[in-house]
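Chemist: Numbering (full-length UniProt numbering), first residue to last: 1 to 630.
We put the beta carbon where it would ideally sit given N, CA and C, even for glycine.
Written as structure tokens, this is what we have:
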């Protein structure tokens, strides 16, 4: 084998290659100016990294000019990094959106990343009068903000700050966390927990690691505002039942329609929009709250979007230098059955009336109407309930009409007494009372039954506008028993009446007219002659016979047709009861004979009658003494 040797040509080749490489390296070495620039760039990079690290441990300012998803140029990126810090900047870019969407069986919700609050609340099971989904919050009609001072003398408003969103599961519940981060260990968090098939949202506000940032010597203020959307056909009717409600001082409840109030010891604040409510509840009660309601409807004849503006300001307290408030949100129907399940006094959002009126509605009419509505159409349920109520009160009407019949029979004798003692009014009154007492007839006997009916009348007046079950339920020509019915649209608007004709108020007014003709005619016959200086009651009662139906027609034309249906059926039944009592039950001859028998029997006076008799006798003696002196 021939041995390979390194020849001269190979050596020359290696030398040339090395020389070429050396020359190239020499030609490409940086100049002194380039070396200086590189060194400066390295120093700037070190300083920038150091500054970014320091900023991530300090309070973060907002980036109000940034909208997530926008493309930024290099200058904007550097400015944004300087504003937010590297941690918040990278998290913001990763979201690609400014809202987080979450849905349950009942809600479609949007959480705004800027401010961390609910920017949209859609109730999936309901639509308004125009078949548009019910939105309690949409298009910036609501605001939730915390403002507080910092240890470096700044004021922070959370509505302007970016919150990092996260959505997780807690069993069947959905948890939405919105964190305003200063660093991983320092943040302010809004935590929302949504439960399936539940209108109540668990809500808490807490801070972590913020004790050296939040200035504890300054107040932390919660500010909640909402402009109520119009949901009903009649803006005036809806606005009448759109109010700010609150629970305070250990279970008391009240509301304001317009104006402001300063409250103490508040359990919840409710913005009620007739059939729907937005409520903020607290587990530990707010010590003080300032509330305000402002009517936004300037002209009810003009179509409008909003009804009222609600505002609440609540000072919050730090605990151990941190925020830790447990609260709840309720967004849902103002339905007594739903609200009552929470056992937090939320059923007071339904205005059933105070005192005995509220008791009648809660424990009689609400269960009865719920029972009837469970197996029959709601319009028929109103008719059946009205019939049952009138049957139960028929004995009252019988007593009232019996008293009127007795007074009618006694009228000739009463007229004779007034004629005999026409110059002695006091004596005439004494003899009149004595005759009425012996006969067992008294004007008060007719008034008392009428007074007994008043609580029922007023309770039902409160019940029907508050009955959520009537909402969007049809009956005959009516599309919605919770709103007015329309049988004709007018080409003009009549003041206090409207631009339409509702049939049920018209029918109810006609029924009231004939009912009052029956009752007022009887009362006018028994009316005593007009005394000097006293108003003519007969004329007043005749005026009322015409005025009441007209007032009914104007007042109820924009009211719920379910309420007008009740009054129409109620007055028809009352007319029927009076005709039956008058023509088939009461016998005036028998009543007259009974009165004559009663007059023969000694009649024991009641304490009240005896006292009145004594007072009248004393007054008569004083008058006689004065006449003798003259």
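DSSP three-state call for residue 201: helix, strand or coil?
Modeler: Residue 201 falls in the strand class under three-state DSSP.
Chemist: Buried or exposed for residue 454, please, with buried defined as at least 16 other CB atoms from any protein chain shown within 10 angstroms of its CB.
Modeler: Its Cβ having fewer than 16 others within 10 Å, residue 454 is exposed.
Chemist: Around the Cβ of residue 305, are there at least 16 other Cβ atoms within 10 angstroms (buried) or fewer (exposed)?
Modeler: Exposed is the call here.
Chemist: Going straight from the alpha carbon of residue 205 to that of residue 327, what length do you get?
Modeler: Their backbone Cα atoms lie some 8 Å apart in a straight line.
Chemist: In the DSSP assignment, the alpha helix (DSSP H) including residue 238 goes from what residue to what residue?
Modeler: Residue 238 -> alpha helix (DSSP H) spans 235-240.
Chemist: How many Å lie between residue 72 and residue 143 at the Cα?
Modeler: Any reading at residue 72 must be qualified, since the residue scores a pLDDT of 45, below 50, and its modelled position is unreliable; the value itself is stated next. Distance between the alpha carbons of residue 72 and residue 143: 28 Å.
Chemist: Using three-state DSSP, classify residue 142 as helix, strand or coil.
Modeler: It is a strand residue.
Chemist: Applying the criterion that 16 or more other CB atoms from any shown protein chain within 10 Å of the CB defines a buried residue, is residue 580 buried or exposed?
Modeler: Its Cβ having fewer than 16 others within 10 Å, residue 580 is exposed.
Chemist: If we count the other Cβ atoms within 10 Å of its Cβ and call it buried at 16 or more, is residue 163 buried or exposed?
Modeler: Buried, since its Cβ has 16 or more Cβ neighbours within 10 Å.
Chemist: Does DSSP classify residue 296 as helix, strand or coil?
Modeler: DSSP places residue 296 in coil when its eight states are reduced to three.
Chemist: Give the straight-line distance between the Cα atoms of residue 240 and residue 107, rounded to the nearest whole angstrom.
Modeler: Residue 240 and residue 107: Cα-Cα distance of roughly 27 Å.
Chemist: With H, G and I counted as helix, E and B as strand and the rest as coil, what does DSSP make of residue 178?
Modeler: Reduced to three states, the DSSP call for residue 178 is strand.
Chemist: For the alpha helix (DSSP H) containing residue 367, name the first residue and the last one.
Modeler: It spans 366-373 - the alpha helix (DSSP H) in which residue 367 sits, taken as one unbroken run.
Chemist: Could you spell out the range, first to last residue, of the alpha helix (DSSP H) harbouring residue 378?
Modeler: It spans 378-392 - the alpha helix (DSSP H) in which residue 378 sits, taken as one unbroken run.
Chemist: So, is the C-beta of residue 364 closer than 7 Å to a C-beta in chain D?
Modeler: You won't find chain D in this structure, because it holds only one protein chain.
Chemist: Tell me which residue opens and which closes the beta strand (DSSP E) that residue 483 is part of.
Modeler: Neither: residue 483 is in no beta strand (DSSP E) and is coded neither H nor E.
Chemist: Between residue 361 and residue 352, which are expected to be in contact by the criterion C-beta below 8 Å, what is the C-beta distance as a whole number of angstroms?
Modeler: Correct: roughly 4 Å between the Cβ atoms.
Chemist: Can you name, in chain order, every residue of its own chain whose Cβ lies under 6 Å from the Cβ of residue 478, other than the five neighbours on each side?
Modeler: For residue 478, where only same-chain residues beyond five positions count, the Cβ hits under 6 Å are 485 and 561.
Chemist: In its own chain, which residues sit with a C-beta less than 8 Å from the C-beta of residue 507, not counting the 5 before and 5 after it?
Modeler: Closer than 8 Å at Cβ, skipping near neighbours: 564 and 568.
Chemist: How do the region 203-222 and the region 123-140 stand: do at least 3 beta-carbon pairs fall below 8 Å, yes or no?
Modeler: As far as the Cβ criterion goes, the region 203-222 does not touch the region 123-140, which means the pair count is below three.
Chemist: So, with DSSP's three-state summary, where would you put residue 419?
Modeler: DSSP places residue 419 in helix when its eight states are reduced to three.
Chemist: Going by the beta-carbon positions, is the gap between residue 189 and residue 181 smaller than 7 Å?
Modeler: Contact flag unset, no.
Chemist: How should residue 354 be labelled, buried or exposed, when 16 other C-beta atoms within 10 angstroms of its C-beta is the threshold for buried?
Modeler: It is exposed - the Cβ of residue 354 has fewer than 16 other Cβ atoms within 10 Å.
Chemist: Under a Cβ-count criterion, where at least 16 other Cβ atoms within 10 Å of its own Cβ denotes burial, should residue 273 be classed as buried or exposed?
Modeler: It is buried - the Cβ of residue 273 has at least 16 other Cβ atoms within 10 Å.
Chemist: Within the continuous beta strand (DSSP E) that includes residue 166, where are the two ends?
Modeler: 164-170 is the extent of the beta strand (DSSP E) around residue 166.
Chemist: For residue 236, which option in 308, 124 and 213 has the closest C-alpha, if you only look at C-alpha atoms?
Modeler: Of 308, 124 and 213, the residue nearest in Cα terms is 308.
Chemist: What residue range does the alpha helix (DSSP H) around residue 579 cover?
Modeler: Segment 561-580, the alpha helix (DSSP H) holding residue 579.
Chemist: Since I believe residue 218 is in contact with residue 171 (beta carbons under 8 Å), could you give me their beta-carbon distance rounded to a whole number of angstroms?
Modeler: In fact, because the Cβ distance is near 39 Å, the residues do not count as touching under 8 Å.
Chemist: Would the region 467-478 count as touching the region 369-379 if we require 3 or more Cβ pairs under 8 Å?
Modeler: Short answer: they touch.
Chemist: Based on the DSSP secondary-structure assignment, which residues constitute the bridge partners of residue 149?
Modeler: Answer is 155.
Chemist: Classify residue 557 as buried or exposed, calling it buried when 16 or more other Cβ atoms lie within 10 Å of its own Cβ.
Modeler: Its Cβ being crowded by 16 or more others within 10 Å, residue 557 is buried.
Chemist: Going by the DSSP bridge assignment, what does residue 208 pair with across the sheet?
Modeler: Residue 208 is bridged to 187.
Chemist: Quick check on residue 271: buried or exposed, where buried means 16 or more other Cβ atoms within 10 Å of its Cβ?
Modeler: By the neighbour-count rule (16 or more Cβ atoms within 10 Å), residue 271 is buried.
Chemist: Going along the chain, which residues of its own chain have a beta-carbon closer than 6 Å to the beta-carbon of residue 282, five neighbours each way excluded?
Modeler: So the qualifying residues of the chain are 327.
Chemist: Report the three-state DSSP secondary structure of residue 224 (helix, strand or coil).
Modeler: Looking at residue 224 - three-state DSSP - the assignment turns out to be strand.
Chemist: Output the distance between the C-alpha atoms of residue 510 and residue 465, rounded to the nearest integer angstrom.
Modeler: Whole-angstrom Cα-Cα distance: 22 Å.
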